[in-house]
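Engineer: Residue numbers (my numbering): -16 to 386.
Cβ coordinates follow ideal geometry from the N, Cα and C atoms, glycine included.
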Amino acid sequence: MARVRASELHAPAAARTASLSFPSPVTLSAIEARLVRLPLVEPFETSFGRVETRQIFLVSVESEGIRGWGEVVAFVEPDYSYETVETARHVIRDFFAPALLGTDGRPETKGPLVSLADVPARLARFRGHPMARAGLELALADLLSRLHGRSLSATLGGARSRIPVGVSLGIQPTRDALLDRVARHVELGYRRIKLKIKPAWDVEVLSEVRRRFPTIVLSVDANAAYKPEDLDHLKRFDDFSLLMIEQPLAYDDLLDHAALQRELETAICLDESITGPRAARQALAAGSCRIVNMKVGRVGGYTQAVPIHDLCVATRTPLWCGGMLESGIGRAHNIALASLPGFTLAGDISASRRYFERDLIAPEVTVSEDGFVEVPSGAGLGFEVDVDFVRAGTVALDRHVAA
Ligand code: OSB
Ligand code: MG
-16 MARVRASELH APAAARTASL SFPSPVTLSA IEARLVRLPL VEPFETSFGR VETRQIFLVS
44 VESEGIRGWG EVVAFVEPDY SYETVETARH VIRDFFAPAL LGTDGRPETK GPLVSLADVP
104 ARLARFRGHP MARAGLELAL ADLLSRLHGR SLSATLGGAR SRIPVGVSLG IQPTRDALLD
164 RVARHVELGY RRIKLKIKPA WDVEVLSEVR RRFPTIVLSV DANAAYKPED LDHLKRFDDF
224 SLLMIEQPLA YDDLLDHAAL QRELETAICL DESITGPRAA RQALAAGSCR IVNMKVGRVG
284 GYTQAVPIHD LCVATRTPLW CGGMLESGIG RAHNIALASL PGFTLAGDIS ASRRYFERDL
344 IAPEVTVSED GFVEVPSGAG LGFEVDVDFV RAGTVALDRH VAA
């Protein structure tokens, strides 16, 4: 991709914001935040740690008896990012929910919500906590789409009815265990296999996977496990015809990624480093990556994700939708987002069964034999939330009500 100048990188986001308005102004009666315990079918291991049971953080918003659902993708530990399920509960309870419900006593948060853009506007005086913000925006976007009687995909400007998908395979106890899982997921139809890597689980593993599967579309994700001094080692990855190497260096380091990208043939994709539209613009201007991973939670919601999408379209930067081991609710949001035209590469949107015995939605997400997920056309998320199953798994519930 040609280098782009910062001045070229102002995306035409305004056109879309109109479609993110409610059909008529909405007064929220309640916001609920809940934690639901959902065991994984097998542990998921990355360079930063291992998850066995997902604590799913659901947000729901209510207005006139209609509910919208969202998911906060934070983990229990501040490892992928600084947020945790408990920091998100705290900021939603003490700051974000009062600002959206108008119960914080401030004049600027009075009155109904007219658009999704009211979320960043009402939270403008707060810094950070993008995953908590996104959980609220997602729930409101589902509500807004239901009130319009249209799908979330249509609300966001989706253009695809099916989405190509890949799978992310965690670090395994042995190479044979990994080879097994690669074979199984190629067989299931996944169109791209991503391997989690870290120092000492990289070059040898890759050369064996490549020897056994010479033609599959293959990528790797280091979750920031390497340092600039590892340059000579990272150059060896060029031998494996990888689609990309995701987030090799530190989460907050655009400059060293730019230097590394100049030395590598393989495209760098940034995940952790793309914290919002500004980081995306700077990363592309600096040449820190050639591919962008989108996670709506990491960037702070749809009001941030859509401009990043538009920027990637304007600069012809390949974009794909990442994942955070979401329940079906977060998964359904990812499907709607990935239906936008700029998502040109297979997303980390696997079948519900890849992670969970039973999902929180019906029907569960399935992947076709040729590696696609269907975009539902029903109103809102387009999936039923299994409220009884959600209630049964709930381990904590905070209900915030309007005065
Ligand atoms: O970096 O993309 C990542 C899972 C947990 C934390 C970070 C990441 C991942 C994945 C799996 O790669 C994505 C998914 O299938 O949900
Ligand atoms: Mg990643």
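1) Contact check, G149 vs E54 under 8 Å by CB: the rounded distance?
2) Verify the contact flag: D236, CB atom, against every heavy atom of ligand 2, threshold strictly below 6 Å.
3) Between the alpha carbons of K278 and G153, how many angstroms are there, rounded?
4) Grab me the residues of V59's own chain with a C-beta within less than 7 Å of its C-beta, minus the 5 sequence neighbours each way, in chain order.
5) Should G311 be listed as close to ligand 1, given that the test is whether its C-beta is under 6 Å from any heavy atom?
6) For the beta strand (DSSP E) containing I274, name the first residue and the last one.
7) Give the range of the beta strand (DSSP E) segment to which H383 is assigned.
8) Which residues in the same chain have their Cβ closer than 7 Å to the Cβ of G376, if we skip the five residues on either side of it in sequence?
9) Can you tell me whether V378 is buried or exposed? The criterion is at least 16 other CB atoms within 10 Å of its CB, across all chains shown.
10) Excluding five sequence neighbours on each side, which residues of the same chain lie with their C-beta closer than 8 Å to the C-beta of L238?
11) Where A(-15) and R158 are concerned, what is the direct C-alpha to C-alpha distance, given to the nearest angstrom?
12) Which of helix, strand or coil does DSSP assign to S(-10)?
13) Does the beta-carbon distance from G363 to L135 come in below 7 Å?
14) Apart from the five residues just before and just after S190, which ones in its own chain have a Cβ nearer than 8 Å to its Cβ?
15) Using a Cβ-Cβ cut-off of 6 Å (strictly less than) and excluding sequence neighbours within five positions of H316, which residues of its own chain qualify?
16) Please give the ranges of any beta strand (DSSP E) in the region 1 to 29, keeping only runs that are unbroken, at least 3 residues long and fully inside the region.
17) Out of T300, V289, Q287, which one is the CA nearest neighbour of A250?
18) Quick check on this structure: which residue in V97, P182, A13, P211 has the alpha carbon closest to the alpha carbon of W52?
19) What separation, rounded to the nearest whole angstrom, lies between the Cα atoms of A(-11) and Y209?
20) May I have the straight-line CA-CA distance separating K179 from R89, to the nearest angstrom?
21) So, do the region 199 to 219 and the region 25 to 35 have three or more beta carbon pairs nearer to each other than 8 Å?
22) Please report the straight-line C-alpha distance between R245 and G280, rounded to a whole angstrom.
23) Keeping to the same chain, check which residues put their C-beta closer than 7 Å to that of P231; ignore five residues upstream and five downstream.
24) Compute every distance between the C-beta of D254 and the non-hydrogen atoms of ligand 2, then say whether any falls below 6 Å.
25) Can A115 and I75 be called in contact, C-beta distance under 7 Å?
26) Below 8 Å, can you find three or more Cβ-Cβ pairs linking the region 305 to 312 to the region 326 to 346?
27) Quick check: the Cα distance between T327 and R33, rounded to an integer number of angstroms?
Structural biologist: In short:
1) Translated into positions along the sequence shown, residue 149 becomes position 166. Translated into positions along the sequence shown, residue 54 becomes position 71. That belief does not hold up - the Cβ atoms of G149 and E54 are roughly 21 Å apart, past 8 Å.
2) If you number the sequence shown from 1, residue 236 lands on position 253. D236 Cβ: outside cutoff for every heavy atom of ligand 2.
3) On the sequence shown, position 295 is the one that residue 278 refers to. On the sequence shown, position 170 is the one that residue 153 refers to. Going by the C-alpha atoms only, they are around 18 Å apart.
4) Residue numbering aside, residue 59 sits at position 76 when the sequence shown is read from its first letter. Only Q38, T67, V68 meet the Cβ criterion.
5) Residue 311 sits at position 328 when you count from the first residue of the sequence shown. No, the Cβ of G311 stays beyond 6 Å of every heavy atom of ligand 1.
6) As a first step, residue 274 must be located in the sequence shown, where it is residue number 291. Looking at the DSSP string, the run of the beta strand (DSSP E) that includes I274 is 274 to 277.
7) Taking the sequence shown and counting its residues from 1, the one referred to as residue 383 is at position 400. Per DSSP, H383 belongs to the beta strand (DSSP E) from 377 to 384.
8) If you number the sequence shown from 1, residue 376 lands on position 393. If we look at G376 and ignore the five residues flanking it on each side, its Cβ neighbours are V19, R20, L21.
9) One-based indexing of the sequence shown puts residue 378 at position 395. Label assigned to V378: exposed.
10) As a first step, residue 238 must be located in the sequence shown, where it is residue number 255. Hits under 8 Å: A269, S271.
11) On the sequence shown, residue -15 is found 2 positions in, with the first residue counted as 1. On the sequence shown, residue 158 is found 175 positions in, with the first residue counted as 1. With a pLDDT of only 46 at A(-15), under the threshold of 50, the placement of this residue in the model should not be trusted; the figure read from the coordinates follows. Cα-Cα distance, rounded: 38 Å.
12) Along the sequence shown, one-based indexing puts residue -10 at 7. For S(-10), the predicted model reports a pLDDT of 47, less than 50, meaning its position is unreliable and no value from the coordinates is stated.
13) The residue you call residue 363 lines up with position 380 of the sequence shown. The residue you call residue 135 lines up with position 152 of the sequence shown. Yes, the Cβ-Cβ distance between G363 and L135 is below 7 Å.
14) One-based indexing of the sequence shown puts residue 190 at position 207. Around S190: D222, F223.
15) Against the sequence shown, residue 316 aligns to sequence position 333. Once the five neighbours on either side are set aside, the close Cβ partners of H316 are L121.
16) 4 to 9, 13 to 29
17) As a working mapping, residue 250 is identified with position 267 in the sequence shown. Comparing Cα-Cα distances from A250 to each of T300, V289, Q287, the minimum goes to T300.
18) By one-based count along the sequence shown, residue 52 stands at place 69. With distances taken between Cα atoms, W52 lies closest to A13.
19) As a working note, residue -11 is residue 6 in the sequence shown. As a working note, residue 209 is residue 226 in the sequence shown. Model confidence at A(-11) stands at a pLDDT of 49, short of 50, so the residue's coordinates are unreliable and nothing is read from them.
20) The count along the sequence shown starts at 1 and reaches residue 179 at position 196. The count along the sequence shown starts at 1 and reaches residue 89 at position 106. Roughly 46 Å between the two C-alpha positions.
21) yes
22) Taking the sequence shown and counting its residues from 1, the one referred to as residue 245 is at position 262. Taking the sequence shown and counting its residues from 1, the one referred to as residue 280 is at position 297. About 29 Å.
23) Position 248 of the sequence shown, counted from the first residue, corresponds to residue 231. Taken in chain order, the residues that qualify are A205, Y209, L217, L243, I251.
24) To locate residue 254, count along the sequence shown from 1; it is residue 271. Yes, the Cβ of D254 comes within 6 Å of a heavy atom of ligand 2.
25) Looking up residue 115 in the sequence shown gives position 132. Looking up residue 75 in the sequence shown gives position 92. Yes, Cβ-Cβ distance for A115 and I75 is below 7 Å.
26) yes
27) Within the sequence shown, numbered from 1, the residue matching residue 327 stands at position 344. Within the sequence shown, numbered from 1, the residue matching residue 33 stands at position 50. Approximately 30 Å, taken between the alpha carbons.
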